[in-house]
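Chains as they are written, first to last, in my numbering: chain A, 1 to 400; chain B, 1001 to 1400.
Number of protein chains: 2
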Amino acid sequence: MIPLVLRKALVAIALLALLAGCQATPSAELRGTGDLGVIVERATGSLAVVDTSHHRILDRVEGLGDLSHASVKFSRDARYAFVFGRDGGLSRVDLLTSEITHRVMQSGNSIGGAVSQDGSLVAVANYDPGGVKVFDSETLEEVAEIPATYRDDDGDEQRSKVVGLVDAPGNRFVYSLFEAGEIHLVDMHGDTPEVSRFSDIGEAPYDALIGPNGRYYIAGLFGEDGLALLDLWHLEEGVQRILPDYGRGEERLPVYKMPHLEGWAMAGGEAWLPAVGRHEVLVADSGGWSLSERIPVHGQPIFVMTRPDERQVWVNFAHPDNNVVQVIDTEGREIVATLSPGESVLHMEFTPKGEHAWISARDSDRVVVYDTHTLEEVARLDSESPSGIFFTHRAHRIGL
Amino acid sequence: MIPLVLRKALVAIALLALLAGCQATPSAELRGTGDLGVIVERATGSLAVVDTSHHRILDRVEGLGDLSHASVKFSRDARYAFVFGRDGGLSRVDLLTSEITHRVMQSGNSIGGAVSQDGSLVAVANYDPGGVKVFDSETLEEVAEIPATYRDDDGDEQRSKVVGLVDAPGNRFVYSLFEAGEIHLVDMHGDTPEVSRFSDIGEAPYDALIGPNGRYYIAGLFGEDGLALLDLWHLEEGVQRILPDYGRGEERLPVYKMPHLEGWAMAGGEAWLPAVGRHEVLVADSGGWSLSERIPVHGQPIFVMTRPDERQVWVNFAHPDNNVVQVIDTEGREIVATLSPGESVLHMEFTPKGEHAWISARDSDRVVVYDTHTLEEVARLDSESPSGIFFTHRAHRIGL
């Protein structure tokens, strides 16, 4: 029989040992990270960490600053989320422990970023001061700053806002300069960044995308119609103009929100893209980049995204038509469903093999998960003003 | 001062508490699984678990039986590897703990398998008895057995070897029956399997592939020339014959090893495929499936694989030319490098974004990692008769 005082000691020591023994592995579940993802909760500056196998929210990470229009990329091992906040904050979030491992205020105002092909670098596109900063993806130590400089009409050097930053094969990054009307290519393969500049690409590039194989970089123009295309296999050809009619046209239609280019769908050798200002989804031959069809839709499209098997394209819309999502059959070229996930649909994300689509309805404070086969609702998750939804398989795709 | 006997007790209890406290998380490192992979070591019946970020072997898993011609698929969360052994053994390996969590001898002789679109099912293709077995991916409990039956010329019911089993959108599996000359499609979306049969597809299908979007299933024929194609978007059209000249031709060239179809490369709307028996890589228009070019290569090609950015195609060869790998520029249509990783090159795997290629040289007992940009060797890993190399990003791709 052990006296009470010693029994207390035993318990205390047991507890200490327990804590000590577990210190090596944080109080997090040992699990795969291939079915994880995050939902950006803009109002609360938080991320919801989600499990796409059981469509549930696992945890929340707070203290990420201003997440309006925030975007997320993932580390090469699919463990960490890099969160690019509008306030210039770059945060590295551990999806397993729900901790912010690193956070730097790296500019006054930023708009997204990218992870290098080899996973070692994170680049951020900055508005203020205009340029790109490159960080070590494990420590967030700055490894390069590349000011987005150009000469204005008076020949004075100015700095431009940077938009449409993407990763490209060969540890390169490509981005566009809004005021300068240029596309820059940075090669980080060597020790020091090598910048190639392409000028006079068009007026006010506002967003861009790179195709799934990393060959074509396409920038949308706010100041004029048409799109600027850079073929990374043929830099000597410079930037070409494609789809000259793409844009607001002569009438200068009221545009509630310029469409996102990142969501662009490539299906069966065709590009599916949101018309600007018009209630249409456009289909273009991705070989010759000529417009092949206009499909009437519910409103001004914002994101046009392909289901991974390319048989469907899902579309959301700008205000005031932003309470529905339409599903288009890519072969029949017809709308096969109009879904109502809630108020103010901001973003959509497909599971890697496409069995489910997750849709954020900001003003309904929820994310709705659909079975893309039956088009029926599978789950409904509570989330405070959710916007972007990003799953970890993006870590393995060029440009995502 | 606590008496010795009690001090011993304290230590004992402390240790117990320590173990108890850590039971929830095995003695494994908390880490992401997006940069993990496995190397099949056929001679020792083991798997080497690898880290592609630091190109190193993390651990070894043994006791997996006969791994000659073994293949591997991954769970939806990229934590578990499903190993399909030649001896009919199906094993589920935890890449984080290097433990075999489940293992069943599910047939006498099997040849690969697939994981369903939603990740809930694992299907295995069996030679003996000929058919497909479907298992719960978390428990490896059998959920369905589908005998591959057909009627021979005398009208008697026979069972056929099953080859070329792949997953397809809509929780379906597609596979071919060697003796029967049929393609079967199994729909697992509902409660019970629904089998659709396609007969007279050609003599002795020996392997097959499904394209990256899961639309076209293509089976190679051992008994005659040409390939059998099933368009999953148009099952009513049945199986069509494509590339009629694909095969050994009239002369019946000596074929040391029939090429693998899984390695098939799709680049820029074209399919790059290994010629049968000839020292050629063939290029076909993946729209009309007509042969557009023959590229002379070092030997009889086995695997023809595209670098993820589609700018290069890497090719290995059958005995006796199996000590080199050739790299073809897909635009210039020319061989840009001939690499010598070692003796008996069996398989190649690209990292998800394509910066590295891992190559197994069985008879040199090593895996060599190349920088696909500089084509220089990055690392050399000791591995006993390595064959297949598989990385976890396959978990997120249709048909891989």
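Glycine is no exception: its CB is placed at the ideal position from the N, C-alpha and C atoms.
Secondary structure of residue 1393 of chain B (DSSP, three-state): helix. Take residue 1121 of chain B, set aside five residues on each side of it, and the residues of its chain with a beta-carbon closer than 8 Å to its own are 1115, 1134, 1135, 1136, 1137, 1143, 1171, 1188, in chain order. Interface annotation for the segment 89-112 of chain A against chain B: 96, criterion Cβ-Cβ distance under 7 Å.
DSSP, read as helix, strand or coil, puts residue 235 of chain A in helix. Neighbours of residue 1053 of chain B in chain A, taken as residues at a C-beta separation under 8 Å, are given in chain order as 76, 77, 119. If only uninterrupted beta strand (DSSP E) runs of at least 3 residues are considered, those enclosed by the segment 173-214 of chain A are 182-187, 194-198, 205-210. When 8 Å is used as the limit between beta carbons, residue 233 of chain A is near these residues of chain B: 1311, 1331, in chain order. Neighbourhood of residue 1392 of chain B in chain A, by CB distance below 7 Å: 34, in chain order.
Contacts with chain A (Cβ-Cβ distance below 7 Å) from the segment 1346-1362 of chain B involve 1352, 1353, 1354, 1355, listed in chain order. Residue 117 of chain A has no beta-bridge partner at all, per DSSP. Remark: fewer than three beta-carbon pairs, one from each stretch, lie closer than 8 Å, so the segment 1340-1349 of chain B and the segment 149-167 of chain A are not flagged as touching.
Under the Cβ criterion of 9 Å, residue 215 of chain A is counted among the residues facing chain B. For residue 1118 of chain B, the CB contacts under 8 Å within the same chain, skipping 5 residues up- and downstream, are 1076, 1171 in chain order.
Here the alpha carbons of residue 1352 of chain B and residue 1224 of chain B stand approximately 36 Å from one another. Rounded to the nearest whole angstrom, the CA to CA distance from residue 292 of chain A to residue 269 of chain A is 12 Å. Secondary structure of residue 364 of chain A (DSSP, three-state): helix. Of the residues assessed, residue 1102 of chain B falls on the buried side of the cut-off, its CB having 16 or more other CB atoms within 10 angstroms. In the three-state reduction of the DSSP assignment, residue 1052 of chain B falls in the coil class. One alpha carbon belongs to residue 198 of chain A, the other to residue 1062 of chain B, and they sit about 55 Å apart. Per the coordinates, the alpha-carbon of residue 1111 of chain B lies some 50 Å from the alpha-carbon of residue 238 of chain A.
Note on geometry: alpha-carbon atoms of residue 324 of chain A and residue 316 of chain A lie some 7 Å from one another. Look at residue 1030 of chain B: its C-beta is under 9 Å from a C-beta on chain A. Proximity to residue 32 of chain A across B:1094, B:1041, B:1052 peaks at B:1094, based on C-alpha coordinates.
Interface flag for residue 398 of chain A against chain B is set, since a Cβ pair is found closer than 9 Å. Where residue 81 of chain A is concerned, the enclosing beta strand (DSSP E) starts and stops at 80-84. Beta-bridge analysis with DSSP links residue 102 of chain A to A:92. Using a 10 angstroms sphere on the CB of residue 1297 of chain B, the tally of other CB atoms reaches 16 or more, which defines it as buried. Beta-bridge pairing by DSSP links residue 305 of chain A to A:314.
Just so you know, the alpha carbons of residue 29 of chain A and residue 1096 of chain B end up roughly 12 Å apart. Judged by their CB atoms, residue 1209 of chain B and residue 1201 of chain B are not nearer to each other than the 9 Å cut-off.
About 4 Å separates the beta carbons of residue 318 of chain A and residue 257 of chain A, which is inside the 8 Å limit, making them a contact pair. Closest in alpha carbon position to residue 340 of chain A, among A:327, A:331, A:334, A:234, is A:327. Under the DSSP assignment, residue 216 of chain A falls in the beta strand (DSSP E) whose first and last residues are 216-221. In the three-state reduction of the DSSP assignment, residue 1035 of chain B falls in the coil class. With contacts defined as CB atoms closer than 9 Å, residue 1392 of chain B and residue 34 of chain A qualify as a contacting pair. Using a 10 angstroms sphere on the CB of residue 309 of chain A, the tally of other CB atoms reaches 16 or more, which defines it as buried.
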